[in-house]
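Participant: Following this message is one structure expressed as structure tokens.
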Amino acid sequence: MTLMPQLTHWWPRPHFSLFLLVLWLLLVNSISPGQVLIGAVLGWLIPFSTQQFWPERPHLHNPGRLLLYMLRLLVDILRSNLSVARLILRDPDTLTPAFVRYPLSLTNEFAITMLASSISLTPGTVSAGLSPDRAYLLVHVLHLDDEDELIEQIRERYETPLREILE
Amino acid sequence: MNHLPVLPILLPLITGALLVTLPRLGLNAQRFISLGATVAGLGLVLWLGSMVLEHGRLVYALGGWAPPFGIVLVPDRLSVLMLVLTATLAVPALIYACRGDDDAGAHFHALFQFQLMGLNGAFLTGDIFNLFVFFEVLLIASYALLLHGGGTARSRAGLHYVIINLIGSALFLLALGMLYGLTGTLNMADLATRISNAPQADQPLLQAASLVLLVVFGVKAALLPLLFWLPRAYTAAAAPVAALFAVMTKVGLYAMIRVFPLVFALDQPLAALTAWQWLWPLALATLALGGIGVLGATSLRNMTAYMVIVSTGTLMAIIALGSTEALAAALFYLVHTTLLTGGFFLFADLIARQRGAAGDYMVVTAAMKDRRTLGILFCFGAVALAGLPPFSGFVSKAWMLQASLAEGAAGIFWPLLLGAGFLMLVALSRAGSKFFWRQSPERDHDMRADRVRLACVIVLVGAGLVLSLAAAPLMDYTRSVAAQLMAPGDYVRAVHEAGLRLTGGH
Amino acid sequence: MTATVLPIALALFSLSLLLNLYRLLRGPDIVDRILGLDTLNVNAIAVIVLGGIYMDSSLIFEAALLIALMGFVSTVAMTKYLVRGDVIE
Amino acid sequence: MMLLSIVALPLLGALITPLVSRRSTAILPALIAGAIGITVVSVLLSQAPDVLGGAILIGHYPWLPGIGLSPAFRLDALGLFFALIIAGMGLLITLYAHFYFAGKHGAVRFHSLMLAFMGAMLGIVTSENLLFMLVFWEMTSLVSFVLIGFHQDERPARRGARMTLVITGGGGLALMAGVLLIGNSVGSFQLSDILAPETALTSDPLYPWMLGLVLIGAMTKSAQFPFHLWLPNAMTAPTPVSAYLHSATMVKAGIFLLARLHPALGDTDAWLYSISTAGMATLLTGAFIAMFKHDTKELLAYSTVSHLGLITLLVGLSTRMAMVAALFHLLNHALFKAPLFMMAGAVQKATGTRDMRRINGLWRTLPALTVISAVAAASMAGLPLLGGYLSKKMFFIESMNASVMPPLQWLTPALAAIAGLFSAAYSFRIFHNVFFNGKPQDLPVWPPKNPGVGIQVPAAVLALAVVLVSWHAESVVHGLIGPVASAAAGSALPDYDMHQLHHIGTAFFMSLAAMLGGLLVYMAREPLFRLYDQLPPADAREIFEWLMTRAGGTAERLVHALENGSVQRYIALIILSAIVLAGPVLLSGIQWHGGETMTPVDPLTGLGLVLLMASAVGVVLGHHQRLFALLLLGSAGLFVTLTFARFSAPDLALTQLSVEVMAVIIMMLALSFLPQTTPLESSRLRKGRDLGVATLGGLGVGLVSFAIMTRPHSTIADFFLSQSKPGGGGSNVVNVILVDFRGFDTLGEITVLGIAAVAVFALTRNLQLKDRIPQERDQYWASNPHPLILRTMARPILPIALMVSAYIFLRGHNMPGGGFIAGLITAVALSLQYMAGSLAWAHERMLTPFRPLIGLGLLLACGTGLGSLVFGEAFLSSWFGHYKLPLLGHLELATALLFDLGVFTTVVGATLLILANLGKLMTVHGPGKEIG
Amino acid sequence: MEALYAIAVGVLTACGIYLVLRGRTFPVIMGLTLLSHGVNLFLFASGRLALAAPAVIGESADPTDPLPQALVLTAIVISFAMTAFVVVLALRAAVELRNDHVDGVDPEEDWRP
Amino acid sequence: MMGESMALPFWLDALIALLLLSGALVALLGSIGLARMPDVYMRLHGPTKASTLGVGATLLGSMIWFGVGHEGLSAQEILITVFLFATAPVSAHMMARAALHRRVACREGTHGEPWDEMDRLPGYAESSPSSDNQR
Ligand code: NA
Ligand code: NA
């Protein structure tokens, strides 16, 4: 059913196949040869048969840095939650919410997505929209102190690393 | 191991699945496959019938799991009667459909096969939850078939039909929950045993379950306050579908006479059941309403739909008497009325096709090209349906009247039955004279009736005569069916023994 | 210690569920309600997992997994419906 | 065989006639009919000596002995007498009809029907089995219906036919009831048993019913007041039909029946009063009205009504010779009325009309017919020495002898005399008005032409018979009527003193008075006509039609008041039925708490259930805002899932969850095209009613659920738990039940899903929507349907979800999961691609043969089941095995997995087929493009 | 617990019945869904309520009755199929009849999709 | 009910307890935000971050609890966590987009105007009220 009309690559996504194999082994909670075989077969078969659904192949320049980026993001998430907690428990009237347009310099779709997600997961910001020409992200800020600082922070912490990793 | 009992379910299932698998198959190929399977199905059930005649009753344990744990099919005389009746109706209905009705929408043949599968399954199963499942199979197929061809009337009637049956299904599940919660089993024979041994404290709940089941089956069988979905649905359906639907109301009836005598009346007379005591007045009211409806109908299809109600009212009233003889008479009448009303649905369509925009409405139009043939056919059919001699309607009516007299129920039943017959006579004579005698002065319709369609109608209407001529063996058979039904202990024993055989072999 | 904390955690999540349902019922906008339902789904995952620890069984963790998947898909479907008036086009 | 042939020959003839002669003007049908008539008459005559001597010939042909329905024939004097009239008349009518129809269409049809009728009529009079007699009885009604409607394009013909059928058919049903009562009481439907002296029906408690029902049958057939209305309206039939059916034969069937059953049912006061009253009323009504009819056939029809009344009255009188008089008059009536009808037919042919005000002085044109008619009319008028006079005089004598209501002893003879007077008057009229009475006036056929000799021959034969019977009255009465009457009375009658008839006594003067009175009335006809015209017009046909229309209309209204097309009412009725039926049973002394100890409520579960209820109530309260209600429905689904999870049903939780999401998406897809809000249109009353029904229903279900849960439980579950592993090869018992123990249910279940998907495909196939309603005022749609962020994130989700799906599928047999859930996960993952991309985008990327997928899934599941047949096992028998493979280690193979794969495939195919076809509705895919 | 559960079943059923009696297709369909929830929970309870006793061999000492679970599973699937169908049918009826009243006749006005 | 016989090292037990408790607290915080905040855009913040994190912490706790001696390491929790973190922003984005599309008002005093340049706004470029039904 998901076998597409045009199969272009016999092994479209080696990394992803590996990820699926690990996922499988974790799911079945076993590393018996049989399960490895099944996991490997599925890990190849599923990306193979659905490759047309995921046509873009983002070339990771530096997988290690991506991992690092994730880690930093995680820390940011934790931090952001503490700050958001304070905000939430404050009297909402004292908050100064804002919509901020963040000018994008990224062009890669995956990178934009990653950026938008990072923004949403981190302190007091939610990416609320993307302009059709992908010129800027509309960001809703729960409590805005300084718009420029916020934009600069995002650019420095997320956009720049992402451009380096993904573009 | 003899697998015959399961084949009447599998054959249409596989045929239907095959037709769905090959959606680009040409119409003629579909017809060929569908018709072949239906005819083969007729052969199959006849063969099964001969085996049942030989053994009385077969018990087929699916998956080899002993009852009451696994699902069993228990083809007995009643099953065979219903199976053969369905197949007999299905063949001409399908042939009729193959003349063009099947092309009015998608997947007619697959749906038709699934419908047969559901019907056959319902007639064969010995497990009450499995009965529910087959009810759903036949219902979903019937929803689709009812809507086959499209149009506003169908959408409207279909919506009602579907919603009401969904509520019926919910009630069915409710009753099943009650039964399982109190007995812990689903096999009908086992249920019977457990219910007859149930503690006194559970009796009100079990009775309530039986009454909910009465409502469920009553919706399908068209019992009075539950039947109002029927006239429009049957009037709106495509002719071959309506013809097949003639057997659909009988499924509800089948379920009644399958479940109640066996499951709830193992150790008490049927007539003592609360459900049965309700059935009597409600059925009589149904009969009365059907008669009035026949008189008030404005189209032949609508009239036939009300004749279906008359017939179900009659049937339920007579089975409500609870005697073997009454049951036998009812079963004979069931065969007669199913084939005849089925044939009449086709006939109404045949006429409608000849009369242009007037359709089967009872208005005056130009003369039909084939009005001689059609008129004679109408005459025969009307006579048979109204219960006049020499056709099977008369035979069955005479029998039912006698059986009800023996039960001391003549005082109410006779006037109603005879009165309904009278109203049918009035209505049919009016319809006939409008269709065939009265013509507006415009130019005659010059289209001839399709010969194959005509033949299908002749076959079904002719059943009235055939059933009358072959009444003696059929009556013997329905007597034996009734006798078997009224001895539920044998059923229970047979299933129990089959269970023992299987567990012994395990 | 886990045993002590578990009921407290469950109680806190129950409170969360209540607050989510409040938002779902209260609105005012349909987006608020969707948000309420989405959060309800997320918290239900935690409740299931805590229930699993409580019953010492990970048997129902697939249910949590499915809630994550299904909750996401239904949120997407609903927001898409709001924006496009259609879900699949 | 001989008995059978009497009935069978004409019936066979009826079938053969249309087959052998295709031209409807051919002579062949008449020849066949004639030959059959002659044969039957000969057969009857050959038996006459024996039968009249008292022999009773009986032949049995067992058919349905179980319900007493077997053809059995009987020829006794009574039957022979009637059979001879039927066959003999039939012969003459055949001859007459041949000339009547000469050159006209319809002869074949007519002869065929006539033969059918003759056979049926012979069947009635020769039936030994009373139940089987009904077959013939109804057949005569039906044939008569068709014959009356012979001229289909004439409105009166159609109406007359219908009226006849309704009245006689209805009477037949009453008769059926009566016959069944008799048969039940006697224990047999054979006349030999019923008429046996030891049978005591008259003391049966149901006797009044038997008599009443039989009487209704007889009265409708024999056109007795008030059922007589059909007969005049039946005159629209061709004249041979009127002459045969409606004067000579069919209308006598009722009288035959009374005569036949007289031994069993007669000799009671009930018999006497009911029958003689009916007869007298008919006699008077018919005679009176006949006088005022200007149409020859109508006059004759009312005259027939009157004479039938007379005969009925005689049958009802309990005097010793009444039966003789009745039968003798019956013979005379047949002989004189038939030629008069034939005359009417011939005159119509000659003049083109039947209106006596226009037909005059035909004696010049039709001299022979004038003579014939003179004889017949004289006999009808009761002119001395003719048969009619004799039988009528017998009637007068019997009316005086009768011991009806002693205080009113004079009444019967007085009424009889009045009837005789009118009878004489109309007899004069029909003769005088037609053949004399000046010149014809503007006839349609001018000059009147002689229709030929042939058509007059049968009438002449009958006129001759009138003379002969009159001449030899004594021997006819002694030799024929006597034995017949004995047979009818059930015992031998004393010799009838024929000299009494020639005696000049009271009866003679009554006859004379009637004659003269009749003459006077006839002379004074013009003022009488004017007087009659001033009576309020009471056209039976109009009344009948009005009644029928009214009945139809009332029925229609009544039915539509009940079946009013409101499904809300139907649903309420269904639910109320369940409540009303089950409610009282539950309330009568049930112990709600079954005795088992209850599980204590833990707060979390309690909260979950409360939230579930809150969601449900929220759906109700918020249902006017549809999307909102849908969200709450989703929430309710979530809490149902949690409930299942809490109460140890992980499989259910998984299934409920996946199904819920799918269902909500499907509902949302549909909601795109539906109004977003539900109007506030229920009245307060309606809401109250619904709330009441809902409360009762919910209360009932809740209480029953409680009652069940608190009762002890013993189930077959132990078997499943113990056999799941060793027998089914899986440790997830629910899954083993689904794919093995009760795999057949699952097969049915996926079939339902597959059918539903195919049905959705069929429903949406020609439904193309390019347009939809705005959700709210000034609503417009975003132009970008596929936001980038969603699109990007959806891509990796698909393979991961498929992996999860594979995992859920493979572990299903041992752990919660299985083909169904895996299928839904796959479907949901793909539907996310529909949402993030588009239908077209997704479909470019996959083969989309969803229907084949459904079919293949079903075939796979079914094929797995069939596989076991090869090994001699029952359908769906499972097989599993454990293998130890080198390198790979432990491996378990089970057919159940294959079955589950079928389930998986069907579910994926069905779900996607539904989604895709709903999704395509607003998408321009090109007209009629099929998806799936 | 049984009592509360029974109340929940009753409330679901009552809500379902009330909605099923509405005049527009969409609430009716939602009512049918609620009704089937109620009925499924009812059927489920026919095997009695058991905590932490899934019918998976080896998972618990005294597993609950698995049969009602299998029945409810079948019922869920069937009612899903039926819901899908009736939704589409309601849609089709609304398009063809130009209103979404269950009887196909809008008491107020015609609505055009 | 829970396997209390299982002896966990104290620090692990404490870690699990901490994770569960803090997770529940954080999640509750998110829900409080959902309930308390004055407009839909502000309400989005709580669930998107706090609930996701809270549930994530709970899942981590569960993973450790089951991983250490109960049933072995199970992937479901990892998968769920990853999945939640991946999808929460998307959901939030979609919801915000929907709210914007529906022109749900933001609280008084919100800085910035999301709708000021209608044609420049996400998803609005090619759409106008007059052409709403033509696609
Ligand atoms: Na005249
Ligand atoms: Na769409």
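Chains as they are written, first to last, in the numbering used here: chain Z, 1 to 167; chain R, 1 to 506; chain D, 1 to 89; chain V, 1 to 932; chain P, 1 to 113; chain G, 1 to 135. For glycine and all other residues, C-beta sits at the position ideal for the given N, C-alpha and C.
1. Using only alpha-carbon positions, find the residue among V:Glu298, V:His246, V:Phe99 and V:Ala419 that is nearest to alanine 540 of chain V.
2. Name the residue from V:Gly387, V:Thr655, V:Ala465 and V:Leu231 whose alpha carbon lies nearest to the alpha carbon of isoleucine 825 of chain V.
3. By how many angstroms is the C-alpha of leucine 866 of chain V removed from the C-alpha of proline 927 of chain V?
4. Quick check: is the beta carbon of asparagine 108 of chain Z nearer than 8 Å to any beta carbon in chain G?
5. Excluding the five sequence neighbours on either side, which residues of its own chain have a C-beta within less than 8 Å of the C-beta of valine 363 of chain R, listed in chain order?
6. What residues of chain V sit near leucine 20 of chain Z, judged by a beta carbon separation below 7 Å?
7. So the candidates are V:Tyr532, V:Ala894 and V:Glu873; which of them puts its Cα closest to the Cα of phenylalanine 880 of chain V?
8. Check each candidate in V:Arg260, V:Val617, V:Ala614 and V:Gly212 and name the one with the smallest Cα separation from isoleucine 124 of chain V.
9. Are the C-beta atoms of methionine 667 of chain V and some chain Z residue less than 8 Å apart?
10. Quick one: measure Cβ to Cβ for glycine 178 of chain V and leucine 122 of chain V, integer angstroms, because I've assumed they're closer than 8 Å.
11. Can you tell me whether asparagine 43 of chain D is helix, strand or coil according to DSSP?
12. Glycine 170 of chain V touches chain R at which residues, Cβ-Cβ below 7 Å?
13. Please state whether DSSP places arginine 430 of chain R in a helix, a strand or coil.
14. Beta-carbon within less than 6 Å of leucine 258 of chain V's beta-carbon, same chain only, minus the 5 sequence neighbours each way: which residues are those?
15. Under 8 Å, Cβ to Cβ, is there at least one residue of chain D near valine 661 of chain V?
16. Tell me the rounded alpha-carbon separation between glutamate 2 of chain P and proline 204 of chain R.
17. Can you give, in chain order, each stretch of the alpha helix (DSSP H) that sits fully within the region 591-627 of chain V and has at least 4 residues?
18. For the region 64-74 of chain V against the region 472-488 of chain V, do three or more pairs of beta-carbon atoms, one drawn from each stretch, fall closer than 8 Å, so that the two count as touching?
19. Assuming isoleucine 808 of chain V and glutamate 62 of chain D make a contact with CB atoms under 8 Å, what is their CB distance in whole Å?
20. Report the partner residues of glutamate 892 of chain V according to the DSSP bridge assignment.
21. Here's a check: name, in chain order, each residue in its chain whose Cβ is nearer than 8 Å to the Cβ of valine 49 of chain D, leaving out the five neighbours to either side.
22. For lysine 49 of chain G versus serine 117 of chain Z, is the C-beta distance shorter than 8 Å?
23. Over what stretch of residues does the beta strand (DSSP E) that includes proline 29 of chain V continue unbroken?
24. Run down chain V in chain order and give the residues with a C-beta less than 8 Å from the C-beta of valine 90 of chain G.
25. Does the beta-carbon distance from leucine 279 of chain R to leucine 214 of chain R come in below 8 Å?
26. Taking all protein chains shown into account, decide if aspartate 187 of chain G is buried (16 or more other Cβ within 10 angstroms of its Cβ) or exposed.
27. Do glycine 313 of chain R and glycine 290 of chain R count as a contact pair if the criterion is CB distance below 8 Å?
28. Using DSSP's beta-bridge definition, name the partner residues of tyrosine 60 of chain R.
Facilitator: Reading from the atomic positions:
1. V:Glu298
2. V:Thr655
3. Low per-residue confidence applies at proline 927 of chain V: pLDDT is 44, beneath 50, and the placement is therefore not dependable, though the value from the model is reported in the following sentence. The alpha-carbon atoms of proline 927 of chain V and leucine 866 of chain V are separated by roughly 41 Å.
4. no
5. Lys434
6. Pro799 and Met803
7. V:Ala894
8. V:Arg260
9. no
10. Contact flag wrong, Cβ pair sits at about 22 Å.
11. helix
12. Phe422
13. helix
14. Ala218 and Val315
15. yes
16. 20 Å
17. 603-621
18. no
19. 6 Å
20. V:His882
21. Phe61 and Ala64
22. no
23. Not the beta strand (DSSP E): proline 29 of chain V falls in the alpha helix (DSSP H), residues 28-52.
24. Ile789, Leu790 and Met793
25. yes
26. Coverage of chain G is limited to positions 1 through 135, which leaves residue 187 of chain G absent and any answer about it impossible.
27. yes
28. R:Leu73
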